[in-house]
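S.K.: Sharing a structure, written as structure tokens. Questions coming.
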Amino acid sequence: MTEYQKIHPEAIPLLCEGVDIKSLDVSQEEGMILAQLDGQIRVRHLKMMTQLSEEQLFLLLERLSEKGLVKIHQPKPEREQKPEGIKAKPTGKPLIDLKEIPKGEQFKELVNKLIDVLDQVDYFQLLGVKPEASPKEIKQAYYHLSKIFHPDRYFRQVETEFRKKLQVIFKKINTAYQVLTNPESKQAYLAQISEKGVEAAVEELKIEVVKKVYTGPKWRLGLKAEDKQKAREEKLKKIVDSIKQTALGSQFQKAERIYQMALEEINKRNFKSARTNLKLAMQIDPAGSRKYQAELERIEQMENESRAELSYEEGKAAEEAGDYQRASRCYNEALKISPQNKNYLYSLARVMIKYLNNYERGRAILIQLLEMDKKNADYYFLLGLAYKGLGQKRAAEVQLEKAIELDPKHRDAQKELKALKRL
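Take the sequence shown: its position 34, counted from the start at 1, is 37 in our numbering, and no numbers get skipped.
Right, here's the structure in full:
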């Protein structure tokens with residue numbers, strides 16, 4: 004295809020005002036794109052944030068444009084610059100040229116001087132590499148500086164304020180390494196330096212370099228998985244909050260109202276109504292699909308638990324009526340839904356041992372229960388009855404004694420143990 008190539012990487016997708024999103028068929032992928040737009044995000048930023056291929060992203064933007072949800076603001080054409088108008092190109096002259104690592108006050112002096120000029124030097128100077136340096140050369144420079152400025156190298160050896168300075172420097176070194184080892188971001192950085200200077204180039208690329216922090220194969224300084232997830236959620240919340248200030252805000256607010264109504268219906272156990280509201284909210288606000296889907300799954304779980312409880316109550320009624328086969332079936336149905344429910348397991352074991360003479364099945368269930376709770380005297384009592392039914396007198400006595408040990412007033416256990424000892 005050629006259509007998607009017409010979108011310039013520096014173009015800015017803008018949300019169109021006055022569009023009724025509910026009336027349009029917006030896919031989850033399109034909703035994800037809409038949730039990112041804040042009037043500043045460029046197409047190349049979107050590509051990095053969404054991890055979509057160029058073709059996927061451009062086709063999604065094209066569809067959103069056709070639906071009237073997004074308009075693409077193209078960048079101004081690049082002006083041809085005369086040689087004298089071009090700013091000085093990065094030379095790669097090392098900012099830090101050390102034959103050996105300084106110590107003590109000399110190292111502190113070096114760090115303080117570096118902090119003062121950190122925002123005025125380009126990434127090539129910082130790493131001490133030329134613009135045409137190979138990835139291998141950049142990596143070697145990165146490792147060399149990491150050994151000098153890695154904050155963990157001086158753990159508990161320096162005061163907090165100085166450690167913070169080391170973290171700032173090391174973060175800048177990380178950023179430089181990440182940008183310069185990615186051909187696309189390196190070219191963008193060179194272009195921005197030429198056009199706007201070092202500080203503006205750093206600001207322009209900020210959205211790209213905060214996406215991840217690469218610390219090299221030997222330095223594991225990244226966030227933990229749960230911290231990354233929290234950071235992503237906070238970022239998404241900020242993006243959604245910014246969108247709520249646009250014309251699409253009313254749609255998000257409507258989705259939130261419907262979502263709150265769904266939660267109220269869930270509390271009332273009106274699951275059908277709650278499910279309808281959640282699906283409607285999902286259509287209006289595709290970007291919030293994860294939140295709505297979580298509630299739909301919770302509804303399904305609650306419905307299953309209700310069915311299990313109903314089967315359990317039917318089993319109790321059948322047991323009281325003397326219909327032990329039906330009671331067994333009902334308890335089994337409840338356990339299919341909640342296999343770890345101790346009440347369901349105990350009731351089935353009781354029916355198996357006391358009324359259906361299925362001692363082996365009852366014994367297996369009670370062993371499972373005792374793995375979950377070793378302090379329940381009733382479990383040991385029933386297990387004693389199971390061993391008695393299986394003809395294992397000594398094993399039965401041991402279980403009954405354990406029941407009495409846990410509950411000295413357990414009359415049924417005392418009675419059964421006394422009867423066994425008379426045999």
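Ideal placement from N, C-alpha and C gives every residue a C-beta, glycine not left out.
I'd like to confirm the pairing. Which residues does DSSP put opposite P16 in its beta bridges?
M.R.: The partner list for P16 (beta bridge, DSSP) reads I75.
S.K.: How far does the alpha helix (DSSP H) with P138 in it extend, from its first residue to its last?
M.R.: Note, P138: alpha helix (DSSP H), P138 to F152.
S.K.: Starting from I302, follow the alpha helix (DSSP H) in both directions and report where the run begins and ends.
M.R.: Taken as a continuous stretch (DSSP letters only), the alpha helix (DSSP H) holding I302 covers S292 to E323.
S.K.: Could you check if H413 is buried or exposed, using at least 16 other CB atoms within 10 Å of its CB as the buried criterion?
M.R.: By the 10 Å Cβ count, H413 comes out buried.
S.K.: Could you tell me the alpha carbon to alpha carbon distance between R301 and F274, rounded to whole angstroms?
M.R.: If you take the alpha carbons of R301 and F274, they lie about 10 Å apart.
S.K.: Have a look at K209 and T178 and give me their C-alpha separation to the nearest angstrom.
M.R.: Bear in mind that the predicted position of K209 carries a pLDDT of just 40, short of 50, making it unreliable; the figure below should be weighed with that in mind. Each residue's alpha carbon lies about 9 Å from the other.
S.K.: Is the distance from the Cβ of L18 to the Cβ of V46 below 9 Å?
M.R.: Cβ distance not < 9 Å, so L18 and V46 don't count as in contact.
S.K.: Ordered along the chain, which non-local residues of its own chain (more than five positions away) have a Cβ less than 6 Å from that of I15?
M.R.: R45 and H76, listed in sequence order.
S.K.: Express the C-alpha separation of A277 and R353 in angstroms, rounding to a whole number.
M.R.: In a straight line, the C-alpha of R353 is about 38 Å away from that of A277.
S.K.: Excluding the 5 residues flanking A398 on each side, which residues of the same chain have their C-beta closer than 7 Å to its C-beta?
M.R.: So the list reads Y390, once near-sequence residues are dropped.
S.K.: Restricting to Cα atoms, I'd like to know which of K174, S137 and I141 is closest to P154.
M.R.: It is K174 whose Cα lies nearest to the Cα of P154.
S.K.: DSSP three-state label for L193, please.
M.R.: Here L193 sits in helix by DSSP.
S.K.: Determine the DSSP secondary structure at S188, reduced to helix, strand or coil.
M.R.: Helix at S188.
S.K.: Taking C-beta to C-beta, are F127 and P134 nearer than 9 Å?
M.R.: Contact flag set, yes.
S.K.: Give a yes or no on whether the C-beta atoms belonging to L183 and I141 are separated by under 9 Å.
M.R.: Yes, they are a contact pair.
S.K.: Taking only three categories from DSSP, how would you classify P289?
M.R.: Three-state DSSP puts P289 in a helix.
S.K.: Spell out a yes or no on whether the region 311-324 and the region 281-291 are touching, meaning 3 or more CB-CB pairs, one atom from each, closer than 8 Å.
M.R.: Contact fails: fewer than three Cβ-Cβ distances are below 8 Å.
S.K.: With a cut-off of 8 Å on the beta carbons, I'd call A330 and E322 a contact; round off their distance for me.
M.R.: With a Cβ gap of about 4 Å, A330 and E322 count as contacting.
S.K.: From V401 to D376, what distance separates their C-alpha atoms?
M.R.: Straight-line Cα distance between these residues: approximately 17 Å.
S.K.: Roughly how many angstroms lie between the CA atoms of I287 and N361, to the nearest whole one?
M.R.: Rounded to the nearest angstrom, the two C-alpha atoms are 56 Å apart.
S.K.: Measuring only the C-alpha atoms, how far is I261 from I370?
M.R.: Those two C-alpha atoms are separated by around 48 Å.
S.K.: How would you label E419, buried or exposed, when you count the other beta carbons within 10 angstroms and need 16 or more for buried?
M.R.: E419 comes out buried.
S.K.: Excluding five sequence neighbours on each side, which residues of the same chain lie with their C-beta closer than 8 Å to the C-beta of I372?
M.R.: Residue 372 is actually Leu in this sequence, not Ile. So the list reads K345, L348, Y349, A352, N379 and Y382, once near-sequence residues are dropped.
S.K.: Taking its Cβ as the centre, do 16 or more other Cβ atoms sit within 10 Å of R272, making it buried, or is it exposed?
M.R.: Looking at its Cβ environment, which holds fewer than 16 other Cβ atoms inside 10 Å, R272 is exposed.
S.K.: Leaving out five residues before and five after E57 in sequence, what residues of the same chain have Cβ atoms less than 7 Å from its Cβ?
M.R.: Result list for E57: K50, in chain order.
S.K.: State the DSSP-derived secondary structure class of L388, mapped to helix, strand or coil.
M.R.: Helix at L388.
S.K.: Indicate the three-state DSSP secondary structure (helix, strand or coil) for R366 in the structure shown.
M.R.: Helix, per DSSP.
S.K.: Using only alpha-carbon positions, find the residue among E33, L169, L62 and V120 that is nearest to F110.
M.R.: The residue with the shortest Cα to Cα distance from F110 is L169.
S.K.: Relative to the alpha-carbon of L148, which residue among E162, Q123 and L117 has its alpha-carbon at the smallest distance?
M.R.: The residue with the shortest Cα to Cα distance from L148 is L117.
S.K.: When the distance is taken between beta carbons, is L113 closer than 9 Å to L72?
M.R.: The answer is no: Cβ separation not under 9 Å.
S.K.: Leaving out five residues before and five after K405 in sequence, what residues of the same chain have Cβ atoms less than 6 Å from its Cβ?
M.R.: If we look at K405 and ignore the five residues flanking it on each side, its Cβ neighbours are Y383.
S.K.: Should V1 be labelled buried (16 or more other beta-carbon atoms within 10 Å of its own) or exposed?
M.R.: As displayed, the chain neither begins before 4 nor continues past 426, which places residue 1 out of reach and without an answer.
S.K.: If you check the beta carbons only, do I356 and G392 fall under 9 Å apart?
M.R.: A contact, by the Cβ cut-off of 9 Å.
S.K.: Between the C-alpha atoms of G387 and Y327, what's the straight-line distance to the nearest angstrom?
M.R.: Taking the straight line joining both Cα atoms gives about 21 Å.
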